[in-house]
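Numbering (UniProt numbering), first residue to last: 1 to 258.
Just below is one structure, and these are the notes that go with it.
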């Protein structure tokens with residue numbers, strides 16, 4: 001079995017309504033694991049994503065941990081992460097290379113990337129302020145550039161300090177300064193591996209992923225002030241309905257290796 005085929009879920013959700021027409025549509029490829037994830041997890045307001053049954057990870061087998069799902073963009077945990085919080089951000093429709101993205105798709109990805117980056121780092125490395133934290137954003141185009149799944153995606157890979165100890169509890173207010181020494185510049189060989197998102201991968205711990213993805217969804221919700229530019233992320237009318245006249249909101253196992 002080739003590497004891409006091994007990523008295809010063994011089961012589609014019972015509620016799946018994939019038709020022959022959609023299979024013939026160039027926006028959807030049934031052999032693409034990212035298309036299957038995008039089809040299964042429809043757009044959900046960032047304000048209602050925490051604890052939303054629409055994002056239940058076990059809709060697929062293997063499960064997928066989706067942390068953001070909008071009209072044009074979907075983000076989820078990598079099933080074989082390089083580090084804790086390794087996330088993939090992809091267009092919802094099947095686009096093979098970055099040059100295939102539409103203007104709307106590329107614009108929304110550009111707005112979502114920093115939102116997801118801040119939220120992931122706040123959840124994974126909560127005791128390090130963003131201006132001191134290290135992370136990669138990597139995107140490959142074509143097999144010669146090490147793209148395994150032929151569907152555009154960005155890797156967001158947190159790079160914790162050496163000997164970093166993950167805190168047991170997430171702090172709502174990150175400190176002004178980290179208690180850890182900053183990462184040193186690696187040697188040339190290690191630098192190339194880090195720069196291109198290479199390294200030792202581990203299987204995703206599903207129980208830990210269930211907790212982590214909820215923390216990230218909550219962090220994204222906290223970032224999305226209803227009074228700000230929610231419409232610019234095209235998160236849907238549900239966001240507006242979730243806000244009152246004062247602008248206040250009411251209230252297992254997973255991703256994909258690439």
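The beta carbon of each residue, even a glycine, is placed where N, CA and C say it ideally should be.
Would residue i and residue j qualify as a contact pair, given that the criterion is a beta-carbon distance under 8 Å?
| i | j | result |
| --- | --- | --- |
| residue 74 | residue 38 | yes |
| residue 274 | residue 204 | In the structure as shown, the chain starts at 1 and stops at 258, and residue 274 therefore has no counterpart that could be examined. |
| residue 68 | residue 112 | yes |
| residue 156 | residue 116 | yes |
| residue 53 | residue 206 | no |
| residue 114 | residue 135 | no |
| residue 125 | residue 160 | yes |
| residue 130 | residue 104 | no |
| residue 223 | residue 51 | no |
| residue 70 | residue 42 | no |
Please report the Cβ distance between residue i and residue j, rounded to the nearest whole angstrom; I am assuming they are in contact, meaning their Cβ atoms lie under 8 Å.
| i | j | result |
| --- | --- | --- |
| residue 96 | residue 151 | 7 Å |
| residue 220 | residue 46 | 5 Å |
| residue 32 | residue 120 | Going by Cβ atoms, the distance from residue 32 to residue 120 rounds to 24 Å, so no, they are not a contact pair. |
Between the alpha carbons of residue i and residue j, how many angstroms are there, rounded?
| i | j | result |
| --- | --- | --- |
| residue 99 | residue 29 | 18 Å |
| residue 66 | residue 145 | 26 Å |
| residue 122 | residue 35 | 28 Å |
| residue 44 | residue 147 | 28 Å |
| residue 212 | residue 218 | 10 Å |
| residue 137 | residue 154 | 6 Å |
| residue 202 | residue 84 | 10 Å |
| residue 93 | residue 210 | 25 Å |
| residue 139 | residue 89 | 10 Å |
| residue 58 | residue 76 | 13 Å |
| residue 127 | residue 166 | 9 Å |
| residue 60 | residue 40 | 8 Å |
| residue 102 | residue 141 | 16 Å |
| residue 27 | residue 110 | 20 Å |
| residue 56 | residue 106 | 27 Å |
| residue 191 | residue 168 | Note that residue 191 has pLDDT 46, beneath the 50 cutoff, so the model's placement of it is unreliable and no number is given. |
| residue 164 | residue 208 | 17 Å |
| residue 143 | residue 118 | 30 Å |
To which residues does DSSP link residue i through a beta bridge?
| i | result |
| --- | --- |
| residue 75 | 68 and 89 |
| residue 204 | According to DSSP, residue 204 bridges with nothing at all. |
| residue 136 | 157 |
Uninterrupted beta strand (DSSP E) stretches inside the stretch 94-123 (no shorter than 3 residues): The qualifying runs do not exist here; there are none.
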